[in-house]
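First the structure, in the form of structure tokens, and then the observations on it.
Residue numbers (the numbering used here): 1 to 197.
Written out as structure tokens, the structure is:
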């Protein structure tokens with residue numbers, strides 16, 4: 001509708017412009033019977049322009065409706081946490097890293113596409129509260145041992161945590177323990193995964 005109105009007005013303007021141009025050519029091609037002054041010439045041209053009959057056109061009102069969609073407000077994404085239990089166990093060997101086969105789990109990193117961080121967490125203690133008990137995460141698929149480890153000297157159980165990087169694909173993660181005095185208990189271990197929503 002708007003396009004056709006604009007096209008019609010453009011065509012009418014073009015036709016009137018052509019008529020004025022043709023009239024100006026006629027005026028300037030004819031030799032006047034007498035020499036006119038500039039003021040008289042302007043008056044003559046103005047009168048001829050006034051004599052041109054323009055077709056009556058009534059402008060029509062056009063309503064344009066434009067839908068404006070506001071962007072959805074962004075909400076702050078809250079992290080979601082997943083806990084993957086690894087299990088529990090104990091060590092009875094002195095000052096040597098020992099695999100705890102009862103404390104392991106298989107994790108596929110692609111199940112957590114918005115992974116932000118992962119943590120190895122454990123609650124462990126030394127029954128007589130003497131010496132030091134260490135725990136580390138061992139990736140049994142490659143195999144690969146994480147360099148950082150958890151440690152405690154607690155006799156009652158203490159939750160300790162360190163960040164870890166999960167390897168891509170499906171991997172088996174196992175806990176290894178090391179005790180200075182040949183005894184130590186892993187009450188529970190888990191991997192905590194934090195994702196973005």
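Don't be surprised by glycine CBs; every beta carbon is placed ideally from N, CA and C.
Nonlocal neighbours in the same chain, by C-beta distance under 7 angstroms from residue i, ignoring five residues either side
i: residue 80; result: 195 and 197
i: residue 50; result: none
i: residue 146; result: 136, 137 and 164
Inter-residue CB distance, residue i and residue j (contact presumed, cutoff 8 angstroms)
i: residue 193; j: residue 82; result: 4 angstroms
i: residue 182; j: residue 94; result: 4 angstroms
i: residue 129; j: residue 164; result: Actually they are not in contact, since the Cβ atoms of residue 129 and residue 164 sit about 27 angstroms apart, beyond 8 angstroms.
i: residue 86; j: residue 191; result: 7 angstroms
i: residue 109; j: residue 169; result: 7 angstroms
Pair within 7 angstroms by beta-carbon distance, residue i and residue j
i: residue 159; j: residue 123; result: yes
i: residue 157; j: residue 187; result: yes
i: residue 141; j: residue 171; result: yes
i: residue 107; j: residue 84; result: yes
i: residue 176; j: residue 138; result: yes
i: residue 103; j: residue 89; result: yes
i: residue 132; j: residue 167; result: no
Neighbourhood of residue i by C-beta, 6 angstroms cutoff - its chain only, sequence neighbours within 5 removed
i: residue 77; result: 196 and 197
i: residue 189; result: 86, 103, 122 and 175
Buried versus exposed, by CB contacts within 10 Å (16 or more), residue i
i: residue 111; result: exposed
i: residue 178; result: buried
i: residue 135; result: buried
i: residue 100; result: buried
i: residue 91; result: buried
i: residue 152; result: buried
The ligand ADP heavy atom lying under 6 angstroms from the CB of residue i
i: residue 163; result: Absent from the structure shown: the ligand ADP. Ligands present: none.
Beta-carbon contacts of residue i that lie in its chain and below 8 angstroms, excluding the five residues immediately before and after
i: residue 116; result: 79, 194, 195 and 196
i: residue 40; result: none
i: residue 114; result: 195, 196 and 197
List, from N- to C-terminal side, the beta strand (DSSP E) runs of 3 residues or more that fit wholly inside the region 76-158.
Look at the region 76-158 and you find these whole runs of beta strand (DSSP E), each 3 residues long or longer: 80-91, 98-108, 115-125, 133-139 and 150-152.
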